[in-house]
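Just so you know, the working numbering puts 124 at position 124 of the sequence shown, and the rest follows in order with no gaps.
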Amino acid sequence: MVVIFGSPGLTEVYDVYELLSEKIMSCKKPIYPVLPSVVNVKDEIAEFQKRGGISFTDESDLGLALARVLKNSVQQRDEELPPVDNKLVRSVIENCQNGYLSPEDVQKLLDAAGINRAREAVAHTVTEVRKRAKEIGYPLVMKVVGPVHKSDVGGVVLDVTDEETLVQEFQRMIKIPQTTSILLQPMLSGTQLFIGAKREDGFGHLIMCGLGGIFVEAIQDITTALGPISKVEAESMVRSLRSYKLIEGTRGQEGVNQFLFCDSIRRVSALCNSAPEIFEMDLNPLLGNPRQVIAVDARIRIEK
Numbered sequence: 001m002v003v004i005f006g007s008p009g010l011t012e013v014y015d016v017y018e019l020l021s022e023k024i025m026s027c028k029k030p031i032y033p034v035l036p037s038v039v040n041v042k043d044e045i046a047e048f049q050k051r052g053g054i055s056f057t058d059e060s061d062l063g064l065a066l067a068r069v070l071k072n073s074v075q076q077r078d079e080e081l082p083p084v085d086n087k088l089v090r091s092v093i094e095n096c097q098n099g100y101l102s103p104e105d106v107q108k109l110l111d112a113a114g115i116n117r118a119r120e121a122v123a124h125t126v127t128e129v130r131k132r133a134k135e136i137g138y139p140l141v142m143k144v145v146g147p148v149h150k151s152d153v154g155g156v157v158l159d160v161t162d163e164e165t166l167v168q169e170f171q172r173m174i175k176i177p178q179t180t181s182i183l184l185q186p187m188l189s190g191t192q193l194f195i196g197a198k199r200e201d202g203f204g205h206l207i208m209c210g211l212g213g214i215f216v217e218a219i220q221d222i223t224t225a226l227g228p229i230s231k232v233e234a235e236s237m238v239r240s241l242r243s244y245k246l247i248e249g250t251r252g253q254e255g256v257n258q259f260l261f262c263d264s265i266r267r268v269s270a271l272c273n274s275a276p277e278i279f280e281m282d283l284n285p286l287l288g289n290p291r292q293v294i295a296v297d298a299r300i301r302i303e304k
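So this is what it looks like as structure tokens:
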């Protein structure tokens, strides 16, 4: 039910908003107030919101909100989340500062939640990058540590196959502004996937999934659900994607192991449940194929 109430502001209308609050609490059907008089009766609306009332300033905003909610899955809270090493999670959170975590701390949180990730090593010097590359093995991927949007600044190099290229790229990349070190990973293949989380104060974490890499912004095909995420919800999120056919596998292209993709979604939800200080989290991309789903890039932002 939608209730639209406006006032010219000639008299106080606290009693109207009080009645609206009572009906929202007592009615079996949801009531969505649209309150356009944000200037004329701002004090009354402020009092209504203090009581926990949620309202919209016009019908179009309400319509947009309902359209987004329609795509979300029904929440199921009774199911146990995947196990998390809470001791390790709390150790990382309590010893870090607000902002984006270092690669080492991100690795610890992913490991604590059992999220499969690519083997990686960090190098600060030419000598170190040579040593780390031998440990990882060729071909490998190089990424800058520091800049948030690595690709935008030329901070990602794929398929490095020899030491000469390794050193040349290291010397170039380490000079990119805000770069503190270079991350090395093995070169992997698969369908690029995305799992994310964002804290919505008062509600918990919104968990998201979709195709990864540039597809997150290019086609904006993302489904969301409020954590904690059950198995049924995770499956529904994946199947609701417009790009689901690509995840299934089509025209001879390998699909993604959907059980492992859904499991990764639930593990992100479990990590956020263990660490409410996580403000936002992106696994982008994960690489998925019939045998594994593995995170190759991750960032986690903390706000305590």
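All C-beta atoms in this analysis are idealised placements derived from N, C-alpha and C, irrespective of residue type, glycine included.
* Closest to I229 by CA distance: which of N257, L109, L101, G196 is it? -> G196
* Run the CB neighbour count on M25, radius 10 Å, all protein chains shown included, and call it buried at 16 or more, exposed below. => M25 comes out exposed.
* State whether the region 241–259 contacts the region 162–175, with contact taken as three or more CB pairs (one from each stretch) at a distance under 8 Å. => Output reads no: the region 162–175 does not touch the region 241–259.
* Asked: What is the rounded straight-line gap between the Cα of G114 and the Cα of P83?
  -> 8 Å
* Compute the Euclidean distance between the alpha carbons of M187 and S264, then round it to the nearest angstrom. => 21 Å
* Taking only the alpha-carbon atoms, compute the straight-line gap between F194 and D282 and give it to the nearest angstrom. => 7 Å
* **Element boundaries [beta strand (DSSP E), containing A307]** => With the chain represented from 1 up to 304, any question about residue 307 goes unanswered, as that position is not in the structure.
* **First through last residue of the beta strand (DSSP E) which encompasses M208** => Going by DSSP, M208 is part of the beta strand (DSSP E) stretching over 204–211.
* To do: Work out the CA separation of D162 and L287 for me, nearest whole Å.
  => 23 Å
* Leaving out the 5 sequence neighbours to the left and right, which residues in its chain are closer than 6 Å to F48 when beta-carbon positions are compared? -> If we look at F48 and ignore the five residues flanking it on each side, its Cβ neighbours are Y17.
* So the alpha helix (DSSP H) I278 belongs to, where does it begin and stop? -> First-last for I278: 278–288, but that is the beta strand (DSSP E), not the alpha helix (DSSP H).
* Asked: Does the region 114–123 come close enough to the region 150–165 to have 3 or more Cβ pairs within less than 8 Å?
  -> no
* Take the Cβ of S189 as the centre, count every other Cβ of all protein chains shown within 10 Å, and call the residue buried at 16 or more, exposed below. => Exposed, since its Cβ has fewer than 16 Cβ neighbours within 10 Å.
* When the Cα of L20 is compared with those of E169, D221, P33, L64, which residue comes out closest? -> Selected option, being the one with the closest Cα: P33.
* Are V157 and K150 close, meaning C-beta to C-beta below 8 Å? -> V157 is not a Cβ neighbour of K150, given a cutoff of 8 Å.
* **Neighbour-count burial assignment, D201, 16 or more Cβ in a 10 Å radius** => exposed
* Spatially closest choice to I182 from Q168, A65, M142, by CA coordinates -> M142
* Return helix, strand or coil for Y100, following the three-state DSSP convention. => strand
* Check whether D221 and G210 have beta carbons under 8 Å apart -> yes
* Asked: DSSP beta-bridge partners for R199?
  -> H205.
* Is the beta carbon of P36 less than 8 Å from the beta carbon of G6? -> yes
* Mapping DSSP to helix, strand and coil, what is I214? -> If DSSP states are grouped into helix, strand and coil, I214 belongs with coil.
* To do: Leaving aside the five residues before and after D58 along the sequence, list all residues of the same chain whose C-beta is less than 8 Å from its C-beta, in chain order.
  => V34, P36
* Chain-order list of residues whose beta-carbon lies under 6 Å from that of R242 (same chain, five-residue window excluded) -> D221
* To do: Kindly identify the DSSP beta-bridge partner or partners of Q192.
  => L287
* To do: To the nearest angstrom, report how far apart N116 and V106 are at their CA atoms.
  => 12 Å
* Identify whether D159 lies in helix, strand or coil by the three-state DSSP scheme. => DSSP, read as helix, strand or coil, puts D159 in strand.
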